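Note sheet for the following structure.
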Amino acid sequence: MGFFKNLLKRYREPLKFKLPESGPTLTAVSGGMGTTELLIRLEMVLNDIKSKKPIIDHAYELAGFSHNLQSRLLSDLSDISETSYEHGYEFLTVSAAAISSMEQTQYDKWVYDIKSLLADGYDDKASELISKHPSYIEAPHIVNLNTISEKLEKLIYSIYEKDIPILVANEVAKQSSELSTINTAYTDGFQIYLPAKISYFDNYEDNFKLFKIQMFHLLEQIQSINPNIINALGDGIKNHGKHYLKLFGDIETLRVDQTIKDNFPGVWRDIDAINNKTDTPHLIGTFSNDALNTIEDSLRLTTKYINNPPALPELIYQPVFIPELTREAMKDGKASPLNEEKDENAIEEAIADINNTNNEFRQETNLTDQMLYDDDEQVKEQDSDKQQNIEDVSSANQELEKPKAINKFYYKEWDTSLKKYRKDWCQVEEVVSDNLIENKQIETSPHLKHIESRIKKTLDLLVNEQKSMRFQSDGDDIDIDAWVDARSNRSKNADDYQNLYIRNNKSTRNVAIMFAVDISGSTRGWKNTAIKESTSVLCKTLARLEDQYAVYAFSGSGRNNCQIYPIKSFTESNNNKIQSRIFSMQPQQYTRMGAAIRHLGTVLSKTSAKTRILFVLTDGKPDDVDSYRGQYAIEDTRRALNEAKALQLNPFVLTFDKEGMDYLPHMLGSNRYQLISDVSQLPVQISTIYKHLTS
Amino acid sequence: MTTEKMNTETTIINSENYITEEPYYLATGDEIEVFNSALAEKIPVLLKGPTGCGKTRFMEYMSWYNKLPLITVSCHDDLTTSDLVGRYLIQNDTTIWQDGPLTTAVRNGCICYLDEVVEARKDTTVVIHPLCDDRRILPLEKRGEILKAAPDFFLTISYNPGYQSAVKDLKPSTRQRFLSIDFSYPPEDAETRIVHEETALPTEMAQRLVKLASMTRNLVGNGLEEGASTRLLVHTAKLINRGFDPKIACRYGIADVLSDDSETLGLLHDMIETLF
Ligand SMILES: Nc1ncnc2c1ncn2[C@@H]1O[C@H](COP(=O)(O)OP(=O)(O)OP(=O)(O)O)[C@@H](O)[C@H]1O
Ligand SMILES: [Mg+2]
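Taken in sequence, the protein lines are chains A and B. Everything in the first sequence is counted per the working numbering, starting at 3 for the first residue and increasing by one. Everything in the second sequence is counted per the working numbering, starting at 94 for the first residue and increasing by one.
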């Protein structure tokens, strides 16, 4: 199965780390935190334990790492310490060695496993896992939901054209559930919850199948559930007790199996295989005398057989049916997204009915009650999100009337924890700076002149390949010179008569390039100089090609303050004013990369060129106030870059950040980023990329 | 190069341009009536739609139906006006004029089908303008001649709006000379029938192929540039008929055709796995 390889590939890049410095350092080494700062932070995290154990040695160890790795370690450490300081300390003692020896995927899984063992109360096992880090290899048969959820979501989308997010199931449901066998899968009617990982079978493929089957079952549940059913279930439970719900779930599972068999033969084949492996005879024909086609049939049969239930097997993939959750979701106006055409009044009435019977309903279903209770926090989070969505909708409706500032644009942003876009989340403004430096202040060092001429040379080679070609065997026009030549040589070389045409290739070349230049605060110093010099040289040299190009700088602070500084638009041509704009670029504030890429991508996509390239020149990771950093920022940027790819914009990142290799492969895919440590490398880099992308 | 020496070579329409056997075409709307009316009124027609949805097949059918020869030109971004209209060639010390396919059609009264016109250079599309209004003339600039279209001459162009999105678009002045027939993928049952009729693949299997195609079409913009076309389904069906396992056939006929990106391929394979 090809996808397994691909999943691994995503994180295969090993962690880059620096060897610890030997002596004590009080200041930061290569951008990381210094020993003193680390010591303070470690003490804060490890609170109680600090007086008894020597932390300072570990602070020395960690001082050699990049800021990136240090922050990661500190955050893992504080997660672990939150459950147990002892384990936190144990983790600290091995962390430097572990992070140096493990690949990122392994490290992430290792930490994840430690955390989940601790959360489940297996303290000894957690200690063992921490100390055994050198031999830690997660069994390759385990399937983690987070590695496949994006793919499954796309699969859902391909079938139903709807976004149904897949989230990790709540642990509480697992503990309190008497209905599920080993895994917990459930839905609230608009999102699917699956177990964090599945390791039931000894091979990856079967475990993945299990995930997929659960997902298809829940999709069918989402599609068929409606307020009447929830209502009727409430009544059934009231009259017959909790086992009414269980029988209903069992019958539903058989019905859904049949539906899957009819509509997704491939999934049915998987179900069959799984049932064979678990020695469960599938009983799809159990109710062959009764019609079992719709969810209403399931309900009818449940009532029919409630006092004399047939023996039904526990199916390993059977999801839990939690009417409460669906009811909650419907109450919030999020009715089943696959059934939009349902009469809204009917839903409202039904919901009112449910609310009336709610009290009795609650008493009967301890399972779901407890779950909702423990689930409170998550529900709140979702609530605020729903609130947000509602606001989004109303703001979208007003969009036409709302007088938007001419230079203000609104862009969505990807929230990786919610797996959703936040609509119109970032406000981007184009700011024209008139604070230009004098032309004479633009210093052109001889070293720059040299680079400039080198780039020109490389690019000229490119251009010449495009010029009109003479002496061709066919073409747009007769090459008179060739003809004259041929005639005068006629006796000598008959071949000359073959090549008498001019072929004009010039205007087939059709490229537009957007340079997005990061001028965040972190570029202060040599990087800013490097960025200015690179941009200046590029503007001068690209004018040589007949390609359209534009330069925009970006920075900002917070989602409502994303600023874009136009340096050169596609229609302007390079001149002194543009050069002085370039040299007036000063480091500003933060880097909200996603918004910048979306905006500049939009600008670029309006050009009519055949090949469009989006170069992002940056010094490091996306980072902004209001917690646009870490995973969130990287995932949003990744999405934005993918959107650009979908628009056929060819994104490409040039970075001065040595740590970039930690996240760039994930963000962009291979061959789409390049590390440059000084301007003199630009000619080679740019022209190779350029040639690669435009030819 | 003197004028006396200039010869004219015009291509005479030969039998290849006539379609003698009825091509299989399943109408999914009233496109046949619209086309015939346009033909009667001499209003050129624009066929819009994604690749492999039956545009060429439709043209073959209409050519057969009306017993008019069909000349098809596949436009590419290197296609110049001379490629369409004609050019001088050199033969034995003299230059001779050779008609391009468009000129041939205009002279002899054929249906001319310009496939994917947007791909051609901007200046190329302009030469068809005087042909597409009441004048029905084709100026042959290089010969200083104005060619009047034969009564049966009829122009049809096609273009794919999804492709390259808003960037490559027809100019309104070009667009507004045409009647426009929208060719999107046929509805599921029609498409199933087409696959079945074209390849004799059992209907049940054809249905699954069509379902897979519509799943890939939902993925457009999300990793895929375009979804699987009817043509791909026909190809895949042929593989299945030759005894390939449907999953393998879909891999060769659909997944690997649609994408090179390993992530997208993984997803396509999963989609195949759910249906076969
Ligand atoms: N309505 C239809 N009736 C019969 N066959 C069809 C129909 N639609 C599609 N096909 C099948 O699909 C195949 C591809 O169609 P065709 O070559 O006409 O595509 P097209 O629209 O011209 O594509 P392109 O834009 O790539 O040239 C045909 O060979 C035929 O088998
Ligand atoms: Mg065609």
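Backbone N, C-alpha and C fix where the C-beta goes; we use that ideal spot for every residue, glycine too. Predicted model only: the values in this text are computed from it and were never measured.
Closer than 7 Å to chain B by CB, Ile699/A: Because residue 699/A is not part of the residues shown, which for chain A are 3 to 697, the question remains open.
beta-carbon Thr261/A near ligand 1 non-hydrogen atom, thresh 6 Å: Position 259 of the first sequence holds residue 261/A. Flag unset: Cβ of Thr261/A not near ligand 1.
Contact check, His1/A vs Asn205/A, beta carbons under 7 Å: Outside the modelled stretch of chain A, which goes from 3 to 697, sits residue 1/A, for which no answer is possible.
Val269/A Cβ short of 6 Å to ligand 1 heavy atom set: Walking along the first sequence from the start, residue 269/A turns up at place 267. No, Cβ of Val269/A sits at least 6 Å from all heavy atoms of ligand 1.
Where Cys203/B sits in the DSSP three-state scheme: Along the second sequence, read from residue 1 onward, the residue named residue 203/B stands at position 110. In the structure shown, Cys203/B sits in coil (DSSP, three-state: anything other than H, G, I, E or B).
Option nearest Leu196/A by Cα separation, candidates Ile161/A, Ile227/A, Asn146/A: Translated into positions along the first sequence, residue 196/A becomes position 194. The shortest Cα separation from Leu196/A among Ile161/A, Ile227/A, Asn146/A belongs to Asn146/A.
Residues that DSSP places opposite Val47/A in a beta bridge: Taking the first sequence and counting its residues from 1, one reaches residue 47/A at position 45. For Val47/A, which the question treats as bridged, DSSP gives no partner whatsoever.
Three-state secondary structure (DSSP) of Asn501/A: Sequence index remark: in the first sequence, residue 501/A carries index 499 (1-based). Coil.
C-beta atoms of Leu220/A and Gln193/A nearer than 7 Å: Taking the first sequence and counting its residues from 1, the one referred to as residue 220/A is at position 218. Taking the first sequence and counting its residues from 1, the one referred to as residue 193/A is at position 191. Not closer than 7 Å, so no.
As assigned by DSSP and simplified to three states, the class of Ser80/A: Start at 1 with the first residue of the first sequence, and residue 80/A comes out as number 78. Reduced to three states, the DSSP call for Ser80/A is helix.
Same chain only: Cβ atoms within 6 Å of Thr196/B, ignoring 5 sequence neighbours per side: The count along the second sequence starts at 1 and reaches residue 196/B at position 103. Within the same chain, Thr196/B has close Cβ partners Val178, Gly179.
Val327/B Cβ short of 6 Å to ligand 4 heavy atom set: The ligand content of the structure shown is limited to ligand 1 and ligand 2, which means ligand 4 is not among them.
Start and end residues, alpha helix (DSSP H) containing Pro229/A: Within the first sequence, numbered from 1, the residue matching residue 229/A stands at position 227. Residues 229-242.
Alpha-carbon to alpha-carbon, Asn201/B and Asn110/B: Mapped onto the second sequence, residue 110/B falls at position 17. Mapped onto the second sequence, residue 201/B falls at position 108. Each residue's Cα considered, the two are about 11 Å apart.
Proximal chain B residues relative to Val113/A, where beta-carbon distance stays under 8 Å: Position 111 of the first sequence, counting from 1, holds the residue named residue 113/A. The contacting residues do not exist; Val113/A stays about 25 Å from chain B at best.
Minimum Cβ-Cβ distance from Glu52/B to chain A less than 7 Å: Chain B is shown only over 94 to 369; residue 52/B falls outside these bounds and no answer can be derived.
Exposure of Pro321/A, with buried meaning 16 or more beta-carbon neighbours within 10 Å: Indexing the first sequence from 1 puts residue 321/A at position 319. Per the 10 Å Cβ criterion, buried.
Rounded distance between the beta-carbons of Ala213/B and Leu172/B, thought under 8 Å: The residue you call residue 172/B lines up with position 79 of the second sequence. The residue you call residue 213/B lines up with position 120 of the second sequence. Right, the Cβ-Cβ distance comes to about 4 Å (below 8 Å), so this counts as a contact.
Quiz: which residues have CB nearer than 5 Å to ligand 1 non-hydrogen atoms: Tyr118/B, Leu119/B, Thr144/B, Gly145/B, Cys146/B, Gly147/B, Lys148/B, Thr149/B, Arg150/B, Ile287/B, Glu291/B, Thr323/B, Arg324/B, Val327/B
Chain A contact for Leu312/B (CB, 7 Å cutoff): One-based indexing of the second sequence puts residue 312/B at position 219. Closer than 7 Å: yes.
Amino acids of chain A, ordered along the chain, whose beta-carbon sits closer than 7 Å to that of Phe369/B: The residue labelled residue 369/B in the question sits at position 276 within the second sequence. Those within 7 Å of Phe369/B in chain A are Pro267, Gly268.
Every unbroken alpha helix (DSSP H) inside the stretch 255-340 of chain B [4 residues or more]: 265-268, 281-292, 296-311, 323-334
Assigned secondary structure, Val1/A (DSSP; H/G/I helix, E/B strand, else coil): Absent from the model: residue 1/A. The displayed extent of chain A is 3 to 697, so no value can be given.
Selection from Ser575/A, Lys608/A, Gly596/A, Phe572/A that minimises the alpha carbon distance to Gly558/A: The residue given as residue 558/A occupies position 556 in the first sequence. Ranking Ser575/A, Lys608/A, Gly596/A, Phe572/A by Cα distance to Gly558/A puts Gly596/A first.
Contacting positions in the stretch 156-181 of chain B - beta carbon closer than 7 Å to chain A: Asp170, Asp171, Thr173, Ser175, Tyr181
Reference Gly320/B; option with closest CA among Arg335/B, Ile287/B, Met364/B: Sequence index remark: in the second sequence, residue 320/B carries index 227 (1-based). For the residues Arg335/B, Ile287/B, Met364/B, the minimum Cα distance to Gly320/B belongs to Met364/B.
Where Gln759/A sits in the DSSP three-state scheme: Residue 759/A falls outside the range modelled here, since chain A spans only 3 to 697, and no answer is possible.
Within chain B, partners of Trp485/A - CB distance below 7 Å: Your numbering for residue 485/A matches position 483 in the first sequence. Within chain B, the residues near Trp485/A are Ile183.
Continuous beta strand (DSSP E) assignments of at least 3 residues falling wholly in the stretch 116-172 of chain A: 168-170
Segment contact, 8 Å Cβ cut-off, at least three pairs: the stretch 131-138 of chain A with the stretch 89-109 of chain A: Contact holds: three or more Cβ-Cβ distances are below 8 Å.
Chain A within 7 Å of Met308/B, Cβ atoms only: As a working mapping, residue 308/B is identified with position 215 in the second sequence. So, interface residue.
Ala555/A beta carbon less than 7 Å from that of Arg600/A: Position 598 of the first sequence, counted from the first residue, corresponds to residue 600/A. Position 553 of the first sequence, counted from the first residue, corresponds to residue 555/A. No, they are not a contact pair.
Residues that Gly237/B bridges to, as DSSP identifies them: Here residue 237/B refers to the residue found at position 144 of the second sequence. Gly237/B pairs with nothing; no bridge assigned.
Residue-level contact to chain B via CB, Lys156/A, 7 Å cutoff: Taking the first sequence and counting its residues from 1, one reaches residue 156/A at position 154. So yes, Lys156/A belongs to the interface.
Amino acids of chain D, ordered along the chain, whose beta-carbon sits closer than 7 Å to that of Asp478/A: Within the model displayed, chain D is absent; protein chains A and B are what it includes.
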